[in-house]
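Peer 1: What follows is a structure written as structure tokens; I'll ask about it next.
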Amino acid sequence: MTAVVAPVPVPEAQLSARKLKAQQRAADAKTKLSSPWASGLAILIAILWTVPTFGLLINSTRSDPAPQQSGFWNFWNGSTSFTLGNYGTAWSGNGGTPLYDFIINSVVITLPAVFIPITLALLAAYAFAWIPFRGKNIMFIAVFVMQVVPIQVALLPLLTVYVKVGLTNSFWSIWLSHTIFGLPLAIFLLHNFMKEIPPSLIEAARVDGAGHVKIFIKVLLPLLVPAIASFAIFQFLWVWNDLLVALTFSGENTAPITQGIQGLTTQFGSGGSTILPPAAILAMLVPLAVFLSLQRFFVRGLLAGSVKG
Amino acid sequence: MTEVQDRAPSPVQAQAPRPANKLKETSWVAPVIWGVIGLVIIGGIWLSWSPLKQGASPLLYNNQDDPGWISRMLFQPTTLGQKLLVMVVAIALFLAIMGLILWLIDRPKIPTGVVLAGFLGPVVIFLSIGLLWSAIKTVIQSFQKFDDAGAANGFVGLDNYAKVFSGQNTQVLINSVLWIFLVPLFAVAFGLLYAVLVDRTRFEAVAKSLIFLPTAISMVASGIIWRYVYLAPAPSGKDQIGLANALVDLVGGTPQNWITKAPLGTFALIIVMVWIQTGFAMTVLSAALKAVPDDIIEAARIDGATGPRLFFSVMLPSIRPTVVVVLTTVAIASLKTFDIVNVMGGNLPKNNILANAFYNALVVRQNGLAGAFAVVIFIIVTPVIIFNVRQMKKAEENR
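Chains A and B are the protein sequences, given in the same order. Under this note's numbering, the first residue of the first sequence carries the number 1, and numbering increases by one thereafter. Under this note's numbering, the first residue of the second sequence carries the number 1001, and numbering increases by one thereafter.
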């Protein structure tokens, strides 16, 4: 089993080569952005992209009618006062469903909707990568094609099934749907990662008498942790930010945060206006925290999902 | 075999030696298991196909009855405790089932067909009912008529498709085309420009995070952010509330009602989607730019190429496959996106796109029309994806 535990040497060599390259490039970086026009343009784009979010953040801290009566830039001329009370009002719902209810629902929806498809996809990806069987290519192509199917195509028939089984007020319908919609891409990506593992490792384990299940759990899973993390973040953000599946399948007690703030937009004129900005900011916090803390994995997953074939 | 037994054998192997024809004896297991999987799939298809009877009791849970605490927890959770408990139950149940399956197939000499059923069976069930059959059923539905209760009521040929291509919906098609072409174009242009500008600067990581932020948050949240940018013009003489109109005022233009004006609304929403997708484009293109071999750039520099010339004649051609992949990926995302139009479009037909028209038809139970919209989206997406896959293969080969 020693051969199995030994780290794969290839990535390390690549890493040092990359580091060297990065150093070389850093050396001639000075010549690159010497033009003040280039820096100015970059800063301009950065400002353009940040100001709308920044405006909402400011608006979320202005006391009651202010966000509806003047632009956020009036925050600094002293006409409105700073308050964090809006966050409290939004959190407790201002008479409607409290925001924390939606956030709890989002958490309850997201954890199984990430865990289940990844586990199933890992198993399927292993079968496609390392178990020879008849019809494998056709099945794999079928899975690949299913990534393409827009989820709109599957919503109505699934809804019929859920109504008949009686799942429309539960989380099961949402979990099942996210699992189904997440599987094709998950299988495809994880299969690509699994294929990159040297066959000699699997062969060595097989000679040691390990069956497919043991090879999968003891040999492949530890090596796939970064790939799993990448896809987990992808699926997490997808489920957390989803609106279409939520609107179609959730009952009155299972609506996630996206549906919660979408509902607030329809009562914009009335009390909704004060709690809309803080509610939207609160809804952003979780995906932002995930993205910022796990950025490295996320970019990897993004690249694997789009550039890799 | 002796070599294997020298190393610590698994408990199963340590048992009494099996008869040599064991493999033959268990060969009926695989067809039986796959037969069961097939039956489950047929059951699912039957559930989705048989008409929805008014007042018929659901199989597992009926909220018209007065259910006990446990079944409410499972199928209609209302309190925090019930919700968290049902989540734990779901994960535990899933783990137990998968653990049992893996334990059952983890034996020596087990036929490959049985092992495959363990690894692939759940996925085959999920995908064939949930995606394959659902897609087929939606295509069938798009040729059917539906009554107000949402029940199928005979075939109507191409009537639903005629509706998609006529009346107010022609505007939907035009808007969708605008989305498909403008969003990828601008997202890639800004993303590429920004990636080049911040490449190898001191603030690269922070600068990239700023642009990527809109990609990470939900489109609903983005819609709310931009609502405050596009707020309606203030009464004359008063200061503007919305950022867009304040800027227009500043340069002396006429403030607009961005969302409700005819072609303007679509462009306003497209800007939001560009704002979201630029981060994605920038990230992928930046990685591609960094992968361009140094010797190529060095050679071009020695030949005297600098600045824009270096970029357009050397860098851009070498990342062309990636640019195409990003263009098509963003185009498909724009076609399938419904959140932005749903949250910001004010439910105006002139702002509408296919994905949101689908949802609107779904809400009013026009299942046939919804099916037709879904099929049209599918038909537009398919050639783009095929093209995309070819480009990806090319990109692989070039590397």
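Just so it is clear, CB atoms sit at the ideal spot from N, CA and C, and this is done for glycine as well. All of these numbers come straight from a predicted model, not from anything done at the bench.
What would DSSP say about residue 1154 of chain B, mapped onto helix, strand or coil?
Peer 2: The answer is strand: DSSP assigns residue 1154 of chain B an E or B state.
Peer 1: Would you tell me roughly how many angstroms separate the C-alpha atoms of residue 1066 of chain B and residue 1076 of chain B, rounded to the nearest one?
Peer 2: In a straight line, the C-alpha of residue 1066 of chain B is about 12 Å away from that of residue 1076 of chain B.
Peer 1: Nearest by alpha-carbon distance to residue 1358 of chain B: which of B:1160, B:1241, B:1281, B:1125 is it?
Peer 2: Selected option, being the one with the closest Cα: B:1160.
Peer 1: When you compare the CB of residue 133 of chain A with every CB in chain B, is at least one pair closer than 8 Å?
Peer 2: Yes, because at least one Cβ of chain B sits closer than 8 Å to the Cβ of residue 133 of chain A.
Peer 1: Could you give the DSSP three-state label for residue 1277 of chain B: helix, strand or coil?
Peer 2: Here residue 1277 of chain B sits in helix by DSSP.
Peer 1: Excluding the 5 residues preceding and the 5 following residue 113 of chain A in the sequence, name in chain order all residues of the same chain whose CB lies nearer than 6 Å to its CB.
Peer 2: Excluding sequence neighbours, residue 113 of chain A sits near 175, 178, 239.
Peer 1: Can you list, in chain order, the residues of its chain with a C-beta nearer than 8 Å to that of residue 89 of chain A? Leave out the 5 residues immediately preceding and following it.
Peer 2: So the list reads 274, 275, 278, once near-sequence residues are dropped.
Peer 1: Considering just the uninterrupted stretch of the beta strand (DSSP E) at residue 1145 of chain B, what are its terminal residues?
Peer 2: That run of the beta strand (DSSP E) goes 1144-1146.
Peer 1: Residue 1379 of chain B CB to nearest chain A CB: under 8 Å?
Peer 2: So no, residue 1379 of chain B is outside the interface.
Peer 1: Hey, is residue 220 of chain A's beta-carbon within less than 8 Å of any beta-carbon in chain B?
Peer 2: Judged by the 8 Å Cβ criterion, residue 220 of chain A is not in contact with chain B.
Peer 1: Which term fits residue 1147 of chain B, buried or exposed, when burial requires 16 or more other beta carbons within 10 angstroms of its beta carbon?
Peer 2: Exposed.
Peer 1: Would residue 245 of chain A count as contacting chain B if we go by Cβ distances under 8 Å?
Peer 2: No, its Cβ sits nowhere closer than 8 Å to a Cβ of chain B.
Peer 1: Buried or exposed for residue 265 of chain A, going by 16 or more other Cβ atoms inside 10 Å?
Peer 2: So residue 265 of chain A counts as buried.
Peer 1: Please go through the same chain and pick out, in chain order, the residues whose beta-carbon is closer than 7 Å to the beta-carbon of residue 1227 of chain B, but skip the five residues on each side of it.
Peer 2: Cβ neighbours of residue 1227 of chain B beyond the five flanking positions: 1344.
Peer 1: How would you call residue 1168 of chain B, buried or exposed, if buried means at least 16 neighbouring beta carbons within 10 angstroms?
Peer 2: So residue 1168 of chain B counts as exposed.
Peer 1: Helix, strand or coil: how does DSSP classify residue 1309 of chain B here?
Peer 2: It is helical.
Peer 1: When the Cα atoms are used, what is the spatial distance from residue 1114 of chain B to residue 126 of chain A?
Peer 2: Cα-Cα distance, rounded: 15 Å.
Peer 1: Can the beta-carbon of residue 1373 of chain B be found less than 8 Å from the beta-carbon of residue 1164 of chain B?
Peer 2: Cβ atoms of residue 1373 of chain B and residue 1164 of chain B: closer than 8 Å.
Peer 1: What residues from chain A crowd round residue 1075 of chain B, counting only those whose CB sits closer than 8 Å?
Peer 2: Within chain A, the residues near residue 1075 of chain B are 166, 167, 169, 170, 172.
Peer 1: With a cut-off of 8 Å, does the C-beta of residue 1277 of chain B fall near any C-beta of chain A?
Peer 2: By this cut-off, residue 1277 of chain B is not an interface position.
Peer 1: Which residues, in order along the segment 212-236 of chain A, keep a beta-carbon less than 9 Å from a beta-carbon of chain B?
Peer 2: From the segment 212-236 of chain A, only 212, 213, 214, 216, 217 have a Cβ closer than 9 Å to chain B.
Peer 1: May I ask you to list the residues that DSSP assigns as paired with residue 82 of chain A?
Peer 2: Per DSSP, A:62.
Peer 1: Going by Cα to Cα distance, which pick from B:1328, B:1217, B:1118, B:1069 is closest to residue 285 of chain A?
Peer 2: Checked all of B:1328, B:1217, B:1118, B:1069; the closest Cα to residue 285 of chain A is B:1217.
Peer 1: Got a sec: is the Cβ-Cβ distance from residue 126 of chain A to anything in chain B below 8 Å?
Peer 2: Closer than 8 Å to some Cβ of chain B, the Cβ of residue 126 of chain A qualifies, so yes.
Peer 1: Buried or exposed, going by whether 16 or more other CB atoms sit within 10 Å of the CB of residue 1179 of chain B?
Peer 2: Buried, because 16 or more other Cβ atoms sit within 10 Å of the Cβ of residue 1179 of chain B.
Peer 1: Quick one: give me the first and last residue of the alpha helix (DSSP H) that residue 1352 of chain B is part of.
Peer 2: That residue, residue 1352 of chain B, is in no alpha helix (DSSP H); it is neither H nor E in DSSP.
Peer 1: Which residue wins for smallest C-alpha separation from residue 1382 of chain B, given the options B:1366, B:1328, B:1349, B:1314?
Peer 2: Closest option to residue 1382 of chain B, Cα to Cα, is B:1328.
Peer 1: Since I believe residue 1197 of chain B is in contact with residue 38 of chain A (beta carbons under 8 Å), could you give me their beta-carbon distance rounded to a whole number of angstroms?
Peer 2: Yes, they are in contact, since the Cβ atoms of residue 38 of chain A and residue 1197 of chain B sit about 5 Å apart, within 8 Å.
Peer 1: Report buried or exposed for residue 289 of chain A, applying the criterion of at least 16 other Cβ atoms within 10 angstroms of its Cβ.
Peer 2: Residue 289 of chain A is exposed by the Cβ-count criterion.
Peer 1: Could you please tell me which residues of the segment 1202-1232 of chain B, in chain order, have their CB closer than 8 Å to any CB of chain A?
Peer 2: Per Cβ criterion, the list reads 1207, 1209, 1210, 1211, 1212, 1213, 1214, 1216, 1217, 1218, 1219, 1220, 1221, 1223, 1224, 1225, 1226, 1227, 1228, 1229.
Peer 1: Measure the alpha-carbon distance for residue 93 of chain A versus residue 1340 of chain B and round it to whole angstroms.
Peer 2: Each residue's alpha carbon lies about 24 Å from the other.
Peer 1: Mapping DSSP to helix, strand and coil, what is residue 294 of chain A?
Peer 2: Residue 294 of chain A falls in the coil class under three-state DSSP.
Peer 1: Please go through the same chain and pick out, in chain order, the residues whose beta-carbon is closer than 7 Å to the beta-carbon of residue 1186 of chain B, but skip the five residues on each side of it.
Peer 2: Cβ within range, chain order: 1274.
Peer 1: Measuring CB to CB, does residue 1102 of chain B end up less than 8 Å from residue 213 of chain A?
Peer 2: Taking 8 Å as the Cβ cut-off, residue 1102 of chain B and residue 213 of chain A qualify as a contacting pair.
Peer 1: Would you mind working out which of A:169, A:293, A:166, A:202 sits nearest residue 229 of chain A, comparing C-alpha positions?
Peer 2: Nearest option by C-alpha distance: A:293.
Peer 1: Which residue spans inside the segment 1210-1268 of chain B form an unbroken alpha helix (DSSP H) run of at least 4?
Peer 2: Counting only runs of 4 or more, we get 1219-1227, 1243-1250.
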